[in-house]
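Everything on this sheet refers to the single structure shown next.
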Amino acid sequence: MAFETSYENLLAELFDLDIDTTKTDVPIGAILAQRICVEKPLNSHHWLRGVPVNLIPDRDRLLLYQMEQQARTQAEIFTRQIADELLNIFDDLFAEILVDDTSGWLFRLKQPAQITTSSINEVSGKNIENFLPAGDQASQWIAVFNEIQMILHAADSADYGFNALWFEGVGSLPGIRSIRRTGSIGNENLFRAVSECSQAKLYDESSDVRGWTDGLERLIVSDMNILQAVNEQSEESLQQSLQTANVQFSQMLSLLDEGCLSQINVYPLNGSRFSIGKAGLLDLLKRRKELSELFEKTKS
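Quick note: the sequence shown, position 253, residue 235 per our numbering, numbers continuous.
Here it is as structure tokens:
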């Protein structure tokens, strides 16, 4: 999958986060920490996310593959022990390490890290050479990345489904450019965390969608299952995810037809964005186009 923009940058744009994504990371670590901490972190705290991954040698390259969710759950005790060890070894860098099944490893930094990173979804399945941290402190953090990999190797972490931690999403909590009456529907962890950070109205599955949309100016709907299926290189999962996406898309078209929505904007990560207003809805329904077909059309 070729990315025109990262998933994280797209979320920052859609939820009006006050971030210049051309110069800094979307602070995934801080946003996720805000969601899972019992005592909310200070806005000034700087965080970095570490994602458990597998680095596979391929001739003179190192290819990165994501760790399966099931393996993350099974490795819970081991990862907590390793996190405590890393906290002792890197006590000059890390003030706290949180480990969560869905959020990954969240490192609270003692000082801001002068680096930019590449998100896991951009790197998955690729050679890591061109995606390592960049910036004034890049060499220091690449050294930390390598040292953690050696620590994990010595602890036989491969037995638990991973052999490295990929750094991404450094920074502190962002501001919000404008709080509009925005609703969000999505089950992916980061999507929900960004929704909460931006003070959007999260959909409760027990609510009726039509009544829930009353008073909203914008509705953002996300389903990351397609991207996950691509990353896992699973044809079966991909087909199932496309079917689910088509059902969701049909539901949104019904809301558009009933006047609950004024326009649908679709943002596939390949950059081929398009909009559907009520005027074009009848033609769309006549042609019975599915969401996946519309994506293909915009690529050509």
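Glycine is no exception: its CB is placed at the ideal position from the N, C-alpha and C atoms. What you are looking at is a predicted structure, and each value in this text was computed from that prediction instead of being measured.
(request) Evaluate Glu187 with the Cβ neighbour count: other Cβ atoms within 10 Å of its Cβ, from every protein chain shown; 16 or more gives buried, anything less gives exposed. (result) exposed
(message) Suppose only complete runs of 3+ residues qualify. What are the beta strand (DSSP E) ranges in the region 3 to 51, listed by chain order?
(response) Fully enclosed beta strand (DSSP E) runs of 3 or longer: 28 to 40 and 43 to 48.
(request) Express the C-alpha separation of Gln233 and Asp72 in angstroms, rounding to a whole number. (result) The sequence given here has Phe at residue 72, not Asp. Rounded to the nearest angstrom, the two C-alpha atoms are 50 Å apart.
(message) What residue range does the alpha helix (DSSP H) around Gln63 cover?
(response) Counted as a single uninterrupted DSSP element, the alpha helix (DSSP H) harbouring Gln63 occupies residues Glu58 to Ile71.
(request) Give the single residue among Ile167, Ser180, Val8 and Arg174 whose Cα lies nearest to the Cα of Asp190. (result) Measuring from the Cα of Asp190, the nearest candidate turns out to be Ile167.
(message) For a test of the three-state rule: what should DSSP assign to Ser85, helix, strand or coil?
(response) In this structure, Ser85 counts as coil in the three-state DSSP scheme.
(message) Using the three-state DSSP reduction, which class does Gly193 fall into: helix, strand or coil?
(response) helix
(message) From the DSSP secondary-structure annotation, give me the bridge partner or partners of Lys183.
(response) Gly165
(message) Could you give the first and the last residue of the continuous alpha helix (DSSP H) run that contains Ala136?
(response) Where Ala136 is concerned, the enclosing alpha helix (DSSP H) stretches over Ala120 to Ala136.
(message) Whole angstroms are fine: how far does the CA of Asp74 sit from the CA of Gly151?
(response) Each residue's CA atom was taken as its position, placing Gly151 and Asp74 some 20 Å apart.
(message) Considering only DSSP beta bridges, list what Val203 is partnered with.
(response) Ile167
(message) Rounded to the nearest angstrom, what separates Leu238 and Trp194 at their Cα positions?
(response) 14 Å
(request) Tell me, please, whether the region 34 to 52 touches the region 106 to 126 by the rule of three or more beta-carbon pairs shorter than 8 Å. (result) yes
(message) Please classify Gln16 as buried or exposed, where buried requires at least 16 neighbouring CB atoms within 10 angstroms.
(response) buried
(request) Taking Leu201 and Gly165 to be in contact with their CB atoms under 8 Å, please state how far apart those CB atoms are, rounded to whole angstroms. (result) 5 Å
(request) Compare the C-alpha of Trp148 against each of Val8, Trp123 and Ala182 and name the closest. (result) Trp123
(request) Within 10 angstroms of the Cβ of Asp40, are there 16 or more other Cβ atoms? Answer buried if so, exposed if not. (result) exposed
(message) Count Cβ pairs between the region 112 to 126 and the region -1 to 16 that sit closer than 8 Å; are there 3 or more?
(response) With a cut-off of 8 Å, the region -1 to 16 and the region 112 to 126 do not count as touching, because too few Cβ pairs lie within range.
(request) In angstroms with no decimal places, state the Cα-to-Cα distance between Ser85 and Glu199. (result) For Ser85 and Glu199, the distance between alpha carbons rounds to 30 Å.
(message) Going by C-alpha to C-alpha distance, which of Ile10, Trp87 and Lys183 sits closest to Thr98?
(response) Ile10
(request) Evaluate Ser244 with the Cβ neighbour count: other Cβ atoms within 10 Å of its Cβ, from every protein chain shown; 16 or more gives buried, anything less gives exposed. (result) exposed
(request) Taking all protein chains shown into account, decide if Arg90 is buried (16 or more other Cβ within 10 angstroms of its Cβ) or exposed. (result) buried
(message) Considering just the uninterrupted stretch of the beta strand (DSSP E) at Glu150, what are its terminal residues?
(response) Ala146 to Gly153 is the span of the beta strand (DSSP E), which, as asked, contains Glu150.
(request) Could you check if Tyr101 is buried or exposed, using at least 16 other CB atoms within 10 Å of its CB as the buried criterion? (result) First, the residue type needs correcting, since residue 101 is Ser and not Tyr in the sequence shown. Classification of Ser101: buried, given that the 10 Å Cβ count is 16 or more.
(request) Given a cut-off of 7 Å, decide if Ile59 and Cys179 are closer than it, judged by their beta-carbon atoms. (result) no
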